[in-house]
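K.L.:
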Amino acid sequence: MSKYAHDMTPKEEYQQNGFLIVRNLLTPEECTEMKREIQRILQEKKDYGGVLVGLAATSAVFQAAAHHPKLLDAIESVIGSDILFLSDKVVFKSSDVRFASPWHQDWHYWKGAHKLSVWIALDPTSTENGCLKLLPGSHKSIAVHDGSAPEGEGFGHRLNPDAVDENEAFIAECNVGDAVLFHDLTLHASFPNISGEDRIALISTYSNAAEPDFAYDWAVAAMLVRGKATDGVLTAS
Ligand SMILES: O=C(O)CCC(=O)C(=O)O
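Numbering (the numbering used here), first residue to last: 781 to 1017.
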C-alpha cells in the first residue's frame, strides 16, 4: 500500500511525500504550443534517444515556459519565493522509443543544494503510455546505487528493479497540463510506452535561490525567475 499523504497544504504534502500533484497547471492550448515547438526542434535532431536537454537555451517558447506564473506560484507554495531556474528537458516516448525509465533519484546528477523538478504532461499519461510513478517519503534518504543495476536507455544511476517495492508506489496518471513537482531525492520511475502513441513530458528543474549551490557551467539557460538570489549563487541573466 502506498504511503501517499494528501488533504494537507501543498507544502505539507510536498514535505511528507516528496512530491506534489498540481492538476491543470497548464492549459491544453499551452501544451499544444509546446508540442509544436518540440516537433520543430526534433526535425533538426535525428538521434536524440528520447531525451532532449536544454530547450530554454535556444527556444523562446521554453524560455517563456520557465517563467510561467502558475508554474512559479506552484513552486513558491513549496520552496518559497526566491526561485532559480536551472535547466529543462523533454522526455519523448513514441511508438519507436518506448523505454521505461528505471527507479532513480535526480540528486545523483546534480549533487549540491536540493532541487525541485516540475514534470508536466504534454500528453495524457497512463500506465499504458509511460506515466510517472513515485515512492512517497523516499526523499528522506539517499538510495545507494550498488553498481549492479542493468544499463539501459535514458537514465543512469539506476536502482535494481527489485530494490523498490512497487506496491508502495504512487501511480501519477495525468491529464494534459497536469504537473508533478518532486524533490531531487524522491525515487521515481516511469512505465514503458506500449500504446503506440506519443507520450511527451516537459521536466524543468528549479532550486531555492536563497541556498548556496554550485555554479553549473553546463546549465547555460540558468536564471533567476522570481525573488532574489543570495550572494554565492547564480544571478539573473
Ligand atoms: O518522463 C519520464 O518518463 C521519466 C522522467 C524522469 O525520470 C526524470 O526526469 O528524472
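All residues carry an ideal CB built from backbone N, CA and C; glycine is no exception.
All values derive from a computational prediction rather than experimental measurement.
Is Ala981 near ligand 1, in the sense that its beta carbon is under 6 Å from a heavy atom of that ligand?
P.N.:
Translated into positions along the sequence shown, residue 981 becomes position 201. Ala981 Cβ: within cutoff of ligand 1.
K.L.:
Spatial neighbours of Ser875 within its chain, please: C-beta separation below 6 Å, excluding the five flanking residues on both sides.
P.N.:
One-based indexing of the sequence shown puts residue 875 at position 95. So the qualifying residues of the chain are Gly976.
K.L.:
Using only the alpha-carbon positions, how far apart do Thr812 and Asp964 sit?
P.N.:
Taking the first residue of the sequence shown as 1, we reach residue 812 at position 32. Taking the first residue of the sequence shown as 1, we reach residue 964 at position 184. Each residue's Cα considered, the two are about 28 Å apart.
K.L.:
Measure how close the beta-carbons of Phe799 and Thr966 come, nearest whole angstrom, since I'm counting them as under 8 Å.
P.N.:
Here residue 799 refers to the residue found at position 19 of the sequence shown. Here residue 966 refers to the residue found at position 186 of the sequence shown. Contact holds; Cβ gap of about 5 Å.
K.L.:
Can you find a C-beta in chain C that's less than 7 Å from the C-beta of Ile900?
P.N.:
Looking for chain C here will not work: only one protein chain is present.
K.L.:
Among Arg816, Phe950 and Ile974, which residue has its Cα nearest to the Cα of Ser918?
P.N.:
Here residue 918 refers to the residue found at position 138 of the sequence shown. Of Arg816, Phe950 and Ile974, the residue nearest in Cα terms is Phe950.
K.L.:
Under DSSP, the beta strand (DSSP E) around Met1003 begins and ends at which residues?
P.N.:
Position 223 of the sequence shown, counted from the start, is the residue given in the question as residue 1003. Taken as a continuous stretch (DSSP letters only), the beta strand (DSSP E) holding Met1003 covers Met1003 to Arg1006.
K.L.:
From Ile863 to Ala989, what does the alpha carbon distance come to, in whole angstroms?
P.N.:
Within the sequence shown, numbered from 1, the residue matching residue 863 stands at position 83. Within the sequence shown, numbered from 1, the residue matching residue 989 stands at position 209. For Ile863 and Ala989, the distance between alpha carbons rounds to 5 Å.
K.L.:
Have a look at Arg938, Ile801 and Glu856 and flag the residue whose alpha-carbon is nearest the alpha-carbon of Tyr889.
P.N.:
On the sequence shown, residue 889 is found 109 positions in, with the first residue counted as 1. Of the candidates Arg938, Ile801 and Glu856, the one whose C-alpha sits nearest the C-alpha of Tyr889 is Arg938.
K.L.:
Please state whether DSSP places Thr905 in a helix, a strand or coil.
P.N.:
The residue labelled residue 905 in the question sits at position 125 within the sequence shown. It is a strand residue.
K.L.:
From Ala981, Tyr828 and Pro941, pick the residue whose C-alpha is nearest to that of Ala959; which is it?
P.N.:
Numbered from 1 along the sequence shown, position 179 holds the residue referred to as residue 959. The residue with the shortest Cα to Cα distance from Ala959 is Ala981.
K.L.:
Starting from Lys869, follow its DSSP beta bridges and name the residues at the other end.
P.N.:
Taking the first residue of the sequence shown as 1, we reach residue 869 at position 89. According to DSSP, which records beta bridges pairwise, Lys869 is partnered with Val833 and Ile983.
K.L.:
Given a cut-off of 7 Å on the beta-carbon distance, is the pair Val956 and Ala1001 in contact?
P.N.:
Here the question's residue 956 lines up with position 176 in the sequence shown. Here the question's residue 1001 lines up with position 221 in the sequence shown. Not closer than 7 Å, so no.
K.L.:
Ignore the nearest five residues each way along the sequence and tell me which others in Ser1017's own chain have a CB closer than 6 Å to its CB.
P.N.:
Numbered from 1 along the sequence shown, position 237 holds the residue referred to as residue 1017. With a pLDDT of 40 at Ser1017, under the threshold of 50, the modelled position of this residue cannot be trusted; read the value that follows with caution. Here the set comprises Met1003.
K.L.:
On the CB-based measure, 16 or more other CB atoms within 10 Å of its CB, does Ala995 come out buried or exposed?
P.N.:
To locate residue 995, count along the sequence shown from 1; it is residue 215. Burial call: exposed.
K.L.:
Would you say the beta carbon of Val871 comes nearer than 6 Å to a heavy atom of ligand 1?
P.N.:
The count along the sequence shown starts at 1 and reaches residue 871 at position 91. Flag set: Cβ of Val871 near ligand 1.
K.L.:
With a 10 Å radius around its C-beta and 16 neighbouring C-beta atoms as the bar for buried, classify Asn797 as buried or exposed.
P.N.:
Counted from its first residue, the sequence shown places residue 797 at position 17. Buried.
K.L.:
Measuring only from the beta carbon, is Asp958 closer than 6 Å to any heavy atom that is part of ligand 1?
P.N.:
As a working mapping, residue 958 is identified with position 178 in the sequence shown. Asp958 Cβ: outside cutoff for every heavy atom of ligand 1.
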